[in-house]
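> Per my numbering: the sequence shown = residues 40 to 157.
The C-beta atom is built at its ideal place from N, Cα and C for all residues, glycine as well.
Submitted below is the structure of interest, expressed as structure tokens.
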Amino acid sequence: MLSYGFSIDTLHYNFVSQEKMLEINQNYLKHNTHTDIISFDYSSGQSLKAEFFVSMWAVALSAEDESQTIENETLRVLIHGVLHCMGYKDDTKDKKTIMRQLEDKFIHLFHVKQKKHV
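This is the structure:
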């Protein structure tokens with residue numbers, strides 16, 4: 040994140056049931072749909088501070104739809120929330136493409152390649 044001009048203060052991830060996620064979506068965003076992550080951004084300037092609510096039920100559906108592992112889709116969702124806090128949007132096709140490219144870039148940071156000779 041530092042290479043993008045941001046530092047991480049506090050990021051809280053709450054993993055909630057399908058029902059709880061729908062309730063949060065209805066109460067705070069006035070949406071009557073299921074979603075995989077909801078972000079509450081409390082950042083100040085370039086210091087990231089946020090709380091996220093994640094539905095593993097929705098993540099599992101997305102993983103299946105995208106032919107991804109649950110692990111990769113979970114990483115994508117966790118990163119997706121942070122990218123929103125950094126100001127990235129996904130409300131147009133072009134912005135979704137940029138968001139997906141950044142998600143892929145950050146997912147690769149989680150994969151450590153083992154060396155043959157240690």
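To the nearest angstrom, how far is the alpha carbon of Phe92 from that of Phe54?
Each residue's Cα considered, the two are about 6 Å apart.
> Between which two residues does the beta strand (DSSP E) carrying Glu142 extend?
First-last for Glu142: Lys132 to Leu148, but that is the alpha helix (DSSP H), not the beta strand (DSSP E).
> Looking at C-alpha atoms only, which residue of Gly120, Tyr127 and Leu141 is the closest neighbour of Leu50?
The option with the nearest alpha carbon to Leu50 is Gly120.
> Quick one: what's Tyr52 bridged to in DSSP?
Partner(s): Phe91.
> Pick helix, strand or coil for Asp104, following the three-state DSSP scheme.
Three-state result, Asp104: helix.
> May I have the straight-line CA-CA distance separating Gln57 from Ser78, to the nearest angstrom?
Going from the Cα of Gln57 to the Cα of Ser78 covers about 16 Å.
> Would you call the stretch 133-140 in contact with the stretch 104-113, where contact means no fewer than 3 C-beta pairs closer than 8 Å?
These segments do not touch.
> Quick check on Ser82: does DSSP put it in helix, strand or coil?
Looking at Ser82 - three-state DSSP - the assignment turns out to be coil, as it is neither helix nor strand.
> Using a 10 Å radius around the Cβ and a threshold of 16 neighbouring Cβ atoms, would you call Ile109 buried or exposed?
The residue in question, Ile109, is exposed, as its Cβ has fewer than 16 Cβ neighbours within 10 Å.
> Give the C-beta separation of Ala97 and His73 to the nearest angstrom, bearing in mind that I take them to be a contact with Cβ-Cβ under 8 Å.
The Cβ separation is near 5 Å, so the contact holds.
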